[in-house]
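Participant:
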Amino acid sequence: MPREGPPPYRCATFRNRDSGHRHRMIDVALQLLARQLNQHLRQRLGADEDMVVLSNLLEQSGGPVPLAQHKLVLFLAGIERDTLAHRAAQPAGLQQRLQTPEPVYLNLLMMCAANFSGTNYSEALKCLSGAIAFFQARPVLDHQNCPDMDGTLDRLTLNIENLSSAEMHSLWAIHSGRYLPSVLYRVRLVSLDGQWARGRDIVIGQTDVRGLS
């Protein structure tokens, strides 16, 4: 008689019931920051048009983005998981995590760059100074001081990120190849979007690993 091998290995996989749900954290966070900063600069400078845009500096083809010309441009330079905040969160069992929205802790590296031509260099510095002053005065954005904050967000915390010359050179080599007057912010994002967790089913599948031994 053939020797009976070990039972098939049973693994748990996850299936999203609401596959059409789009989780909006990063876009709504940066849009909020751009909107708040734009309102502030327009009032401060008496501008009739938008001063701040959320955009790339270059198109995929390598050409400049027309919308970003002569503007203060916010763009995403990187994403990190905030491991310290995640570890500090209260641990929960699997069933509880699937039923209760679990906060998402991310660090967004947001570049604020003054994309003005040489003849408007002083205007670039003026806008950049205004942006630094605005975020210095409002380093934390929440539902109390930003009533239009999206309900999936809890708060945003901003800090200036210091870069060495080598780090700055590498960053700008990736994004445009030329330096612009700019400041890099680390935006700590706390999202309350738990729809993905609530919409999952646990599916128990079988994988026969006897042939692998």
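The numbering of the sequence shown is our numbering, which starts it at 65 and goes up by one.
No residue lacks a Cβ here, since even glycine has one placed at the ideal position from N, Cα and C.
In angstroms with no decimal places, state the Cα-to-Cα distance between Gln100 and Ala178.
Facilitator: Their backbone Cα atoms lie some 17 Å apart in a straight line.
Participant: Return the bridge partner residues of Arg250 from the DSSP annotation.
Facilitator: The partner list for Arg250 (beta bridge, DSSP) reads Leu173 and Asn223.
Participant: Within 10 angstroms of the Cβ of Tyr185, are there 16 or more other Cβ atoms? Answer buried if so, exposed if not.
Facilitator: Exposed, because fewer than 16 other Cβ atoms sit within 10 Å of the Cβ of Tyr185.
Participant: Do you know how far the Cα of Met174 is from the Cα of Ser119?
Facilitator: Cα-Cα distance, rounded: 11 Å.
Participant: When we look at the beta-carbon of Asn209 and count the other beta-carbons within 10 Å, is it buried (16 or more) or exposed?
Facilitator: By the neighbour-count rule (16 or more Cβ atoms within 10 Å), Asn209 is not buried but exposed.
Participant: Tell me whether the stretch 238 to 246 and the stretch 197 to 213 touch, counting them as touching only if at least three CB pairs, one residue from each stretch, are closer than 8 Å.
Facilitator: Flag = no, the stretch 238 to 246 and the stretch 197 to 213 do not touch.
Participant: Where does Pro128 fall in DSSP's three states?
Facilitator: The answer is strand: DSSP assigns Pro128 an E or B state.
Participant: In this structure, does DSSP put Arg99 in helix, strand or coil?
Facilitator: Arg99: helix per DSSP, three-state reduction.
Participant: What are the boundary residues of the beta strand (DSSP E) that Phe139 is part of?
Facilitator: Lys135 to Arg145 is the span of the beta strand (DSSP E), which, as asked, contains Phe139.
Participant: Buried or exposed, going by whether 16 or more other CB atoms sit within 10 Å of the CB of Phe78?
Facilitator: Low confidence applies here, because Phe78 scores a pLDDT of 36, under 50, leaving its location unreliable; read the following figure in that light. Per the 10 Å Cβ criterion, exposed.
Participant: Taking the C-alpha atoms as reference points, what is the distance between Asp206 and Lys190?
Facilitator: One C-alpha to the other measures close to 27 Å.
Participant: Tell me, please, which residues DSSP counts as bridged to Leu189.
Facilitator: Its beta-bridge partners do not exist; DSSP assigns none.
Participant: Find the nearest neighbour of Leu121 within the set Asp112, Gly182 and Tyr243, judged by alpha-carbon distance.
Facilitator: Per the Cα distances, Tyr243.
Participant: Ordered along the chain, which non-local residues of its own chain (more than five positions away) have a Cβ less than 6 Å from that of Glu113?
Facilitator: Hits under 6 Å: none found.
Participant: Give me the Cα-Cα distance between Tyr249 and Leu172, rounded to the nearest whole angstrom.
Facilitator: Those two C-alpha atoms are separated by around 8 Å.
Participant: Using a Cβ-Cβ cutoff of less than 8 Å, which residues in the same chain neighbour Arg145 once the five nearest sequence positions on both sides are dropped?
Facilitator: The residues are Tyr169, Leu170 and Asn171.
Participant: Quickly, what does DSSP pair Ser255 with across the bridge? List them, please.
Facilitator: Answer by DSSP bridge pairing, in chain order: Val168 and Leu217.
Participant: Tell me the DSSP secondary structure of Asn16 in three-state form.
Facilitator: As shown, the chain starts at 65 and ends at 277. That puts residue 16 outside it, with no answer to give.
Participant: Leaving out five residues on either side along the sequence, give the residues of the same chain with a beta carbon under 7 Å from the beta carbon of Ala201.
Facilitator: Cβ neighbours of Ala201 beyond the five flanking positions: none.
Participant: Give me the residue from Gln133, Pro203, Cys176 and Leu96 with the minimum Cα distance to Gly142.
Facilitator: The shortest Cα separation from Gly142 among Gln133, Pro203, Cys176 and Leu96 belongs to Cys176.
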